[in-house]
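Worksheet for the structure shown next.
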Amino acid sequence: MSPEQTSLLQGTLDLLILKSLFAGEMHGLGISRRIQQVTGGTFIVQPGSLFPALHGMEEEGWISSFWGESENNRRAKYYRLTKAGLKQLEVETKRWGRISWAIAQALEAS
Amino acid sequence: MPLLVKVRSFLRNLFLSRNVDVDLDQEVHSHLDMLIEENIRAGMPPREAQRVARMELGGIEQVKERVREERIGNWLRSAISDCRFGVRQLRKNPGFTTVAILTLALGIGANTSVFSLIYALAIRPLPVKDASSLVSVYQSFRGHPLSRGVQGSPYYISYPEYVNYRDGSQSFSGMVAYAETILSLGGADPQPLPGLLVSCNYFDVLGAHIAAGRALRSSDCLASASPVAVLSNGFWQREFGANGEVIGKTLTLDNQVFTVIGVAGPEFPGTELQVPSVWAPVATASQLMPATFGTRDWLALGNVSWLHVVGRLKPGTSRRQAETELTVLAHNLDADYPGRQTVVIVNAGAFLNNPEVRSIGALFAAGVFALAGLILLMACANVTNLILSRAAARQQEVVIRLALGASRSRLVCQLLTESVFLAVLGGGAGLIVAVWLPPVLVRVLPEIPSSGLPLNFTPNFAVLGYALLASLAAAVISGVTPALQATKLDLVTTLKEEGATAGHSLKRARLRGILVTAEVAGCTLLLVAASLLARGLHRAEMVNPGFITRNVFVTSFDLAQKGYDGPRANTFERELRDRLVVLPGVAGVTTSVVLPDVTGYISGVTIPGRNAKHEYAQVLANFVSPDYFKTMGVPILRGHAFTEQEAESPGPVPAVISSAMARRFWGGEDPIGKNFSAAKNQTYQIVGIAPDVQNLHLGQTDGPFYYGAKDAGYSGAVDAIILLRTASDSTGPLAAIPGIAHQIDPSVMVTTEAFEQILSRQLSPARTGTALVGILGILAMVLAFVGVTGVVSYAASQRVREIGIRMTLGAQPRDLLALLLGQGVKLVAIGLGIGLALGAGAAILLSAADLLFGVSPLDPWPFAGTTLLLAAIALISMLVPARRAMRVDPIVALRYE
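Chains as they are written, first to last, in our numbering: chain A, 8 to 117; chain B, 1107 to 2003.
Structure follows, in structure tokens:
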């Protein structure tokens, strides 16, 4: 991952995770693969970034976790969106919209 | 809701960290397993699948560590581990730790003691029920210059003013007034007794517990009431053996018979530092107080300050509201004194609340705080020094941790944790000092009763809080600089080779140099001050004041309170002198208005026939009986001492003047037979000249001085003393004095004390103060000693290799010594120079405050002595580490590191 991607990712990783979980409960690897898939491979979330983000968001109360069975009958830790997380997703989406609009404006300006 | 989740996570992270870790471990492992599975399904062989999966994960432990860092409460976990690490570090260096803690304990302890003392005296509420609602009321006046009588403090209040406030105000649920006085307890030999004349609501308003009998009630304050008294618990136990049948018995106080009606509870010491033995109604002032202001009816005096007033505020009333209300009430009485404008001052109730005392107290407190602060700063400087020298040894540790990615703030926190630990431990030990020291310190204060102080020095939240604050301040002052310095490293340079050559350590050395210089300067200042004070004291004790003090005894009476006027007092004294002087073993008896070097008298002198404007001068004086010169061994240089006949004959009052007065007014002329006028236009005729002696201050020869014949020349003479000198060291004649005095008037209270003892007691605050400054000075010297040793041994340890090279190249031990000592000597010399200059400044201040008893502030001995002592100490403290450095084997030195 190039440095530009990293810094972008840090601002938006929470948003991407929230968005992924909006589709339904998922384990860590699932979240990682989904982000990779929906961004067309632009973002590859490494476990070193993913887990701290997941645990941080859980402590914020945006997501909750439980142990469950994976598709291959493995024990895996699943995450799901909470009410607060849903609200946070809206907030982050709006914020991101504003930012991307602003950046687009700035780039078109000259 | 999210807050609840956060709190839950926080608590779980803190207390169930093992479960959380296990859970995380399982999660990461399950993630790894799923990655492997994914790779196998994609067609990789198992080994390859595992390898790729591990690469993607990027290290199980690293992932886990990154999660831990993200967690809520991580700072607390790291703080706890910092603490553990700090404790380990401190335990590993018991010597360093002990010195640092002791140093800080003394600094923090001294500061907390001063605070505790000030708190007990001026902040802690009075030891009575519901003391927080008590306030004290004082007055000052604006407007034209007033002639107002003062007994005690000008801020006190007259009885009519008190009644005006008490009856007119709405802010108070009760208001009491009282005056302190010394009574004489009648009996075979009357004894002085501290008493309080109080308004009759005193016990009710203060909520005092009465152990036996009853408290005063308002009928006791009627003019027609028979005199009654309430005893203090201590007096009751001392004088009556705690006998319950004391109620109804009588006491004779100042010739007046009082009926005992009650005994106060043991926990009620009253409202003044001097715990009274008896409380009597203020109405008895007309019998117990002297006729100082022309009448003995003190309650009728409207323009005399003599009563303390203490009020209890109604709930919800502020001091300001009460002040405003009383100021309005005061205008009622201001109408009687045109141009006067009363300003009422309402202070919170505490022992020291008089505005006059408070302003002096604030100055005193500032001075003592400065001293204690200096000690704390020195202690901090030393701990900083200790940490700095240890930091050198820990440099590798710091560098490695920085290189491994620890953030600088994290490391600073770590190092500061250790300082905080040291300071808190030092503060804890300092509290022991703070419990022990204030009762000692209080004795240094002027005008504080010597025993039975009702002061409470138990540390409370305020004192503990202050100690904590001082500890934290000490931690920050002593810890921040070394922590910042230790972590401000150029990693590459330091890691590559010896850190000793890096620029930061030069900076560190400079800082340590400044600290040591400051320490030496502070210690020099204290030692100079202490030795000057000690020399002054020694001089005050050893000096020959020009008159005899040995075997001289001072007898005083309470004639004023017994209603004597001037002529009656003169008769009493003459009769007593005549009876005493014939006793065997008595060398002389005289009356004197002034007790030399204890009290003083200043008189304005003019010479008849000369321009009064130019020739007026304030001179010292004493009024004595003719035997004074013989009794006190003051020779008459020219002329003669006045005789009884001269003293009694009408016309000019005979006087003996001092040589200085002769020079001042008559120059080359012979003053014998000349007249001067002084003391309310009394004319004096000079009959003799006495040498200049030290009547005002021990160790300081008086300026112009005259002795007037007492009986004729001093009309207000009701408070004179009798000086009696015995022929040998025998004290035999003394026992007879009270009996003989009582033959003349059985009611008079007689106290006799050795003159030398009075003089010595007068020096006791100075003695305690000197001892304190001396102890602080020695403490500072120990601190400076440790500091200098630290600097030199550190410098030496940094130059082991250089020393080795120089030795191999043939350097002589003397050259090496010069090299090693050079820096230390420079620091000590600068510190000494600054300290001596500061010491000279302090000496001039001490001299201006009359604390040196005539020793010159620039007396060379204290300065030379301090310089020599410190130079010797510094040399020893530098030689030891320097010699150790030089004993090193050149080969070993060259291989070093």
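Here a beta-carbon is modelled for each residue, glycine too, at the ideal position from N, C-alpha and C.
What span of residues does the alpha helix (DSSP H) with residue i cover, start to end?
i                 : result
Asn2004 (chain B) : The question about residue 2004 (chain B) has no answer here: the residues shown for chain B are numbered 1107 through 2003.
Ala1949 (chain B) : Pro1919 to Ala1954
Gly75 (chain A)   : Per DSSP, Gly75 (chain A) belongs to no alpha helix (DSSP H); it is in the beta strand (DSSP E), Ile70 to Glu76.
Phe1891 (chain B) : Ser1870 to Gln1904
Thr1587 (chain B) : Phe1567 to Thr1593
Pro1387 (chain B) : Counting along the chain, Pro1387 (chain B) falls outside any alpha helix (DSSP H), though it belongs to the beta strand (DSSP E) covering Val1384 to Pro1387.
Ala2073 (chain B) : The structure shown does not extend to residue 2073 (chain B), since chain B is modelled only from 1107 to 2003, so the question has no answer here.
Leaving out five residues before and five after residue i in sequence, what residues of the same chain have Cβ atoms less than 7 Å from its Cβ?
i                 : result
Val1892 (chain B) : Val1205 and Asn1488
Met1767 (chain B) : Val1725, Pro1810, Phe1811 and Tyr1812
Lys1420 (chain B) : Ser1277, Phe1278 and Ser1279
Thr1607 (chain B) : No answer about Thr1607 (chain B) holds up, because its pLDDT of 45 lies below 50 and its placement is not dependable.
Helix or strand or just coil, what does DSSP make of residue i?
i                 : result
Gly1249 (chain B) : strand
Gln1788 (chain B) : strand
Phe1527 (chain B) : helix
Gln1276 (chain B) : coil
Arg1118 (chain B) : helix
Pro1968 (chain B) : helix
Trp1412 (chain B) : coil
Gly1605 (chain B) : At Gly1605 (chain B), the pLDDT of 44 sits below 50, so the modelled position is not reliable; the number obtained from the coordinates is stated separately. Of the three classes helix, strand and coil, the one that applies to Gly1605 (chain B) here is helix, per DSSP.
Gly1308 (chain B) : The question names Gly, but residue 1308 (chain B) in the sequence shown is Tyr. Reduced to three states, the DSSP call for Tyr1308 (chain B) is helix.
Ile1367 (chain B) : strand
Gln1806 (chain B) : strand
Ser27 (chain A)   : helix
Val1550 (chain B) : helix
Ala1285 (chain B) : strand
Met64 (chain A)   : helix
Check whether the Cβ atoms of residue i and residue j sit closer than 8 Å, and answer yes or no.
i                 : j                 : result
Val1634 (chain B) : Gly1945 (chain B) : yes
Val1234 (chain B) : Ala1318 (chain B) : no
Pro1560 (chain B) : Thr1490 (chain B) : no
Ser39 (chain A)   : Leu57 (chain A)   : yes
Gly1164 (chain B) : Gln43 (chain A)   : no
Pro1387 (chain B) : Leu1291 (chain B) : no
Pro1741 (chain B) : Ala1796 (chain B) : yes
Arg6 (chain A)    : Asp1139 (chain B) : The question about residue 6 (chain A) has no answer here: the residues shown for chain A are numbered 8 through 117.
Gly1976 (chain B) : Leu1952 (chain B) : It should be noted that the sequence gives Leu, not Gly, for residue 1976 (chain B). Cβ atoms of Leu1976 (chain B) and Leu1952 (chain B): not closer than 8 Å.
Leu1543 (chain B) : Gly1255 (chain B) : no
Gly1694 (chain B) : Lys1736 (chain B) : yes
Asp1671 (chain B) : Ala1753 (chain B) : no
By Cβ distance below 6 Å, which residues in the same chain neighbour residue i in space, the five residues on each side in sequence not counted?
i                 : result
Glu115 (chain A)  : none
Leu20 (chain A)   : Ala60
Gln1257 (chain B) : Trp1412
Ile106 (chain A)  : none
Asn1453 (chain B) : Ser1242 and Asn1459
Pro1396 (chain B) : Ala1666 and Gln1667
Gly1605 (chain B) : In this prediction, Gly1605 (chain B) has a pLDDT of 44, which is less than 50 and means its spatial position is unreliable; what the coordinates show is noted afterwards. For Gly1605 (chain B), where only same-chain residues beyond five positions count, the Cβ hits under 6 Å are Gln1501.
Ile1936 (chain B) : Thr1623
By Cβ distance, which residues of its chain are closer than 8 Å to residue i, with the 5 residues on each side in sequence left out?
i                 : result
Gly68 (chain A)   : Thr89, Ala91 and Gly92
Ala1901 (chain B) : Ala1615, Leu1926, Gln1929 and Gly1930
Asn1562 (chain B) : Ala1226, Arg1230 and Pro1233
Please list the terminal residues of the continuous beta strand (DSSP E) segment that includes residue i.
i                 : result
Phe1659 (chain B) : Val1658 to Phe1663
Pro1760 (chain B) : Val1759 to Ser1764
Arg87 (chain A)   : Arg82 to Leu88
Arg1446 (chain B) : Arg1446 to Ala1454
Phe50 (chain A)   : Counting along the chain, Phe50 (chain A) falls outside any beta strand (DSSP E), and DSSP gives it neither H nor E.
Val1856 (chain B) : Val1856 to Ala1860
Leu1726 (chain B) : Ala1723 to Val1730
Self-check item: At least 3 beta-carbon pairs within less than 8 Å: the region 1875 to 1889 of chain B vs the region 1651 to 1664 of chain B
Solution: no
Exercise. Please confirm if the region 1188 to 1201 of chain B is in contact with the region 1408 to 1421 of chain B, defined as three or more CB-CB distances below 8 Å between the two stretches.
Key: no
Quiz item: Does the pairing of the region 1542 to 1554 of chain B with the region 1448 to 1461 of chain B give three or more beta-carbon distances under 8 Å?
Solution: no
Self-check item: Three CB pairs or more closer than 8 Å across the region 1328 to 1338 of chain B and the region 1356 to 1376 of chain B
Solution: yes
Quiz item: Just checking, does the region 1833 to 1846 of chain B make contact with the region 1752 to 1770 of chain B on the three C-beta pairs under 8 Å criterion?
Solution: no
Quiz item: Is the region 1773 to 1781 of chain B in contact with the region 1689 to 1703 of chain B, if contact means three or more CB pairs nearer than 8 Å?
Solution: no
Practice problem: Evaluate contact between the region 1432 to 1451 of chain B and the region 1287 to 1302 of chain B, counting only Cβ atoms and requiring at least three cross-stretch pairs below 8 Å. | Solution: no
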